[in-house]
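Just so you know, the protein sequences line up as chains A and B, in that order.
Position 1 (the first sequence) corresponds to -5 in the numbering used here; numbering is contiguous.
Position 260 (the second sequence) corresponds to 254 in the numbering used here; numbering is contiguous.
Every residue gets a Cβ at the ideal spot worked out from N, C-alpha and C, and that includes glycine.
No experiment lies behind these values; they were computed from the predicted model shown.
2 protein chains.
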Amino acid sequence: MGISGGSILFACARRDAPAVIPGETLNASGCLVMPGLVNTHTHLPMSCFRGLADDLPLMEWLHGHMFPAEAKHVNREMIHRGALLAMAEMILSGTTTCCDSYFYESSVVQAAVEAGVRIVAGQGFIDFRPPDAEELRRKAAAAERFIAKWGPRAPMVTPSLFCHSAYTCDPETLRTVKRVADGAGVLFMMHLSETREEVEIIGSRYGARPVHHLRSLGVLGGKCAVVHGVWLDDDEMDILAESGTGLCHCPESNMKLASGIAPVPALLARGVAVGLGTDGSASNNDLDMLLELDTMAKLHKVATMNPTAMDAETALRIATIGGARVLGLQGLIGTIEPGKRADLIVIDLRRPHLTPLYHPCSQVVYACRGSDVRDSIIDGRIVMRDRELLTLDVQRVMDDVREIAERVKKDEGRA
Amino acid sequence: MGISGGSILFACARRDAPAVIPGETLNASGCLVMPGLVNTHTHLPMSCFRGLADDLPLMEWLHGHMFPAEAKHVNREMIHRGALLAMAEMILSGTTTCCDSYFYESSVVQAAVEAGVRIVAGQGFIDFRPPDAEELRRKAAAAERFIAKWGPRAPMVTPSLFCHSAYTCDPETLRTVKRVADGAGVLFMMHLSETREEVEIIGSRYGARPVHHLRSLGVLGGKCAVVHGVWLDDDEMDILAESGTGLCHCPESNMKLASGIAPVPALLARGVAVGLGTDGSASNNDLDMLLELDTMAKLHKVATMNPTAMDAETALRIATIGGARVLGLQGLIGTIEPGKRADLIVIDLRRPHLTPLYHPCSQVVYACRGSDVRDSIIDGRIVMRDRELLTLDVQRVMDDVREIAERVKKDEGRA
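Okay, here's the thing in structure tokens:
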């Protein structure tokens, strides 16, 4: 395989390779080289709250722990430190592209740039009070500033706009943000139908199922992806398919918060683009896409009582080119093809739990985990070699987050 | 913590520790020391068939791939090599006790002894033709020989008897094997209600639900544990509880083969002893108990739509002392207590995906994986230090299995 200027030049048997001027080389014998994993949904700085509050009812988790911790501790420094820790964890486990949305998103982007990780960064919108015209103008201006700031960094940084949800954003906010996104040609995203309660709230407030509500507002289609989609009926799945709306699937988070199981095989059958996401570390509790893959493939088998419901190849596509499609990056990443950006991971197969090897796809999905990733290349740059991170000082990154966690613990002790 | 003669002498703060004659030491600062994991159900030599055939309907998987591969390749050498590979994988991922059943079980025990892994080894029974009196006498004698051979090795080797299932073993076989087990005071085990089809077969053959059938044969209770228990109704769960029958829970195998989800929270509420198992590597596809733990805790939350259905502490107990109870070894292993055998693992917490640390239990269940286990001590003996296996030549173990896999591949190619 040859890489030049950040792009894949060729991928073929040695005898068919063109003569090239030798540069830096990476010997991957005994290893598997595959496209880097695409994590389509996460809230990276929440790594600071990993394991802070588990096994609780959703409302107690949110209102008793997450919201208070965020209100007290979220600032630009915490965001930057938490995001750097997440970058380290992602590189170490094979993710080369992430799609994030959280507060102070510019500080997350800063961390991605330092780490050399490809990012789709969503400026977030949420209404805590009914929006008035002034508020909306401010929101639109903020969205435009965010896009203007990071757009020139493409394809390593891709700005996007992220409305929290239909139950926390008023119709006018959704319409305004979508209009700005369309105007700038960037992706519009939002959480959708994560819980049964959410569907009931939308029903009682707007007299419609969530997807119908969004369609009536004109926010579906174009560059648009929704996250979770656990509670979709057949009609809603048809609408997502027809409108070309993508889905970010977060199976482990949906399991852990007891939200439900998204009907992914039914969505795939309709041709909906599906990508995989870990969600934030407060609700998972890690960013390991290889483990998420494994769980996803098994979960849909048992959910449908059909061992063929999702095979290893389908799962692997979801975590790579599927995610790239959802993010609108399928022309750049997600497969190993000459001309695409070189986002590649090297998996060391010479390990007891990866022996013997019959089918590489099965091995990756059902037996590999993040710690088997030996090297990582993003945009042609080696960011990890022999499990050593080349872009980050991992000890310092961990120390910086521990310092924040000490403060969080003190507050939890007090509460 | 002090260890002497294979037992835990003390576990306390340094200032409270008795003066001891210093011997070998292991510095675990920055680490978490916990009881070794107890894998209550597996077919270790099936590591040779890891990933051979995935994503297939159960019958095609069994009759098209597993049974032919077993018929052709199972022999003492294959069993020994496959079991050694499994031993390496188990030690590397924190398992210190396993409960196995497969063909030529003595060769599996041999591998466990070489590796220094604690094993409950089940001599297997299955009827391929209706048993006559002679056949049954042969079976009983084989069971007695197996127990006599390995019993003296306790507590590192604990012989047990394993009937495949109620649909592959006739009532007389089940009764005979249970009688021998009771006579020798060893554990009797069997697969039970793994699939809906199995419940139907038993119903049509014996006119009863599987647990009622077993109760009528007198095989429940005493030292008895059943594996899977996916399709149990309330009444059957009550009978398991009343009879003191334990359950080996294999969530990932049940997911992957689309068998269903065992009602574990309901069994725990009734006081049934529940242990965790990975099942064989042909249906999982690994032996990583820390990953199995994580999946189990999340699966029961989403299955019951209740995020408090199984908390991290409950999950961890199932994988340690719960498993020990199921195997009848709770007096020896499963917790860190003076007087118990020293089966301990050391987890290195200084890693990005394990940072920060709020609650050790949550971290182990939701963020740790096998590769985070740094050292392993079984029966007071260090079998892994800094991820180096001290009892096995891991390269050779892998090479030996690869050789078998090459033969299996040739046959698959021919088929």
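- With a cut-off of 8 Å on Cβ pairs, the segment 372 to 382 of chain A is in contact with the segment 336 to 349 of chain A, counting three or more such pairs.
- Residue contact with chain A for I113 of chain B: absent (no Cβ-Cβ distance below 8 Å to any residue of chain A).
- Here DSSP, grouped into helix, strand and coil, assigns V340 of chain B to strand.
- Counting along the chain, R375 of chain A sits inside the beta strand (DSSP E) bounded by residues R375 to R379.
- Remark: fewer than three beta-carbon pairs, one from each stretch, lie closer than 8 Å, so the segment 56 to 68 of chain A and the segment 348 to 359 of chain A are not flagged as touching.
- R70 of chain A is classed as exposed because its beta carbon has fewer than 16 other beta carbons within 10 Å across all chains shown.
- Residue environment analysis places D49 of chain A among the buried positions, since at least 16 neighbouring C-beta atoms fall within 10 angstroms of its C-beta.
- Where L321 of chain B is concerned, there is no enclosing alpha helix (DSSP H), because DSSP gives it neither an H nor an E.
- Looking at the DSSP output, C25 of chain B shares a beta bridge with B:D342.
- Along the length of the segment 221 to 272 of chain A, whole beta strand (DSSP E) runs at least 3 residues long occupy 240 to 243 and 268 to 270, reported in chain order.
- D126 of chain A is outside the set of residues whose beta carbon lies under 8 Å from a beta carbon in chain B.
- Nearest C-alpha to C163 of chain A among A:K172, A:A219, A:F119 and A:L186: A:F119.
- Beta-carbon to beta-carbon, G110 of chain A and G364 of chain A are separated by about 18 Å, too far to satisfy the 8 Å threshold.
- For D369 of chain A, the enclosing beta strand (DSSP E) covers residues V367 to I372.
- In this structure, I330 of chain B and C362 of chain B do not form a Cβ contact; the two beta carbons are roughly 17 Å apart against a cut-off of 8 Å.
- Against chain A, the CB of T272 of chain B has no partner CB under 8 Å away; the residue lies outside that interface.
- Contact annotation, E129 of chain A with V174 of chain A: C-beta distance approximately 14 Å; criterion of less than 8 Å not satisfied.
- Boundaries for S100 of chain A: no beta strand (DSSP E) harbours it, while the alpha helix (DSSP H) harbouring it runs E99 to A109, taken from the DSSP string.
- Inter-residue distance for G212 of chain B and D227 of chain B is about 19 Å (C-alpha atoms, whole angstroms).
- Sixteen is the threshold: when 16 or more other Cβ atoms of the shown chains lie within 10 Å of the Cβ of P257 of chain A, as they do, the residue is buried.
- Residue range F182 to L186 is occupied by the beta strand (DSSP E) that includes L186 of chain A.
- When the alpha-carbon of G0 of chain A is set against those of A:I327, A:D405 and A:S95, the nearest one is in A:I327.
- Taking C-beta atoms as the reference points, V107 of chain B and D94 of chain B fail to come closer than 8 Å.
- Looking at the DSSP output, T189 of chain A shares a beta bridge with no other residue.
- By the neighbour-count criterion, in which a residue is buried when 16 or more other Cβ atoms sit within 10 angstroms of its Cβ, F122 of chain B is exposed.
- With respect to the C-alpha of E246 of chain B, the residue from A:S277, A:P301 and A:N278 having the closest C-alpha is A:P301.
- Closest by C-alpha distance to K295 of chain A, out of A:R311, A:A313 and A:I255, is A:I255.
- Within 7 Å of the CB of V367 of chain A, no CB atom of chain B is found; the nearest one sits about 11 Å away.
- Within the same chain, and ignoring the five residues on either side of P259 of chain B in sequence, the residues whose Cβ sits closer than 7 Å to its Cβ are H294, T298, A303 and M304.
- For I120 of chain B, the three-state secondary structure derived from DSSP is coil.
- In chain A, no part has a C-beta under 9 Å from the C-beta of A313 of chain B; the shortest such distance is about 16 Å.
- Note that the segment 274 to 288 of chain A touches the segment 306 to 317 of chain A; at least 3 beta-carbon pairs, one per stretch, sit closer than 8 Å.
- Fewer than three Cβ pairs drawn from the segment 7 to 23 of chain A and the segment 142 to 159 of chain A lie within less than 8 Å of each other, which leaves the two stretches out of contact.
- Within the DSSP bridge table, the entry for Y96 of chain A names A:Q117 as partners.
- Sequence-ordered contacts of the segment 70 to 83 of chain B with chain A read L79, A82 and E83 [C-beta pairs closer than 7 Å].
- Between T189 of chain A and S253 of chain A, the CB-CB gap stays under 8 Å.
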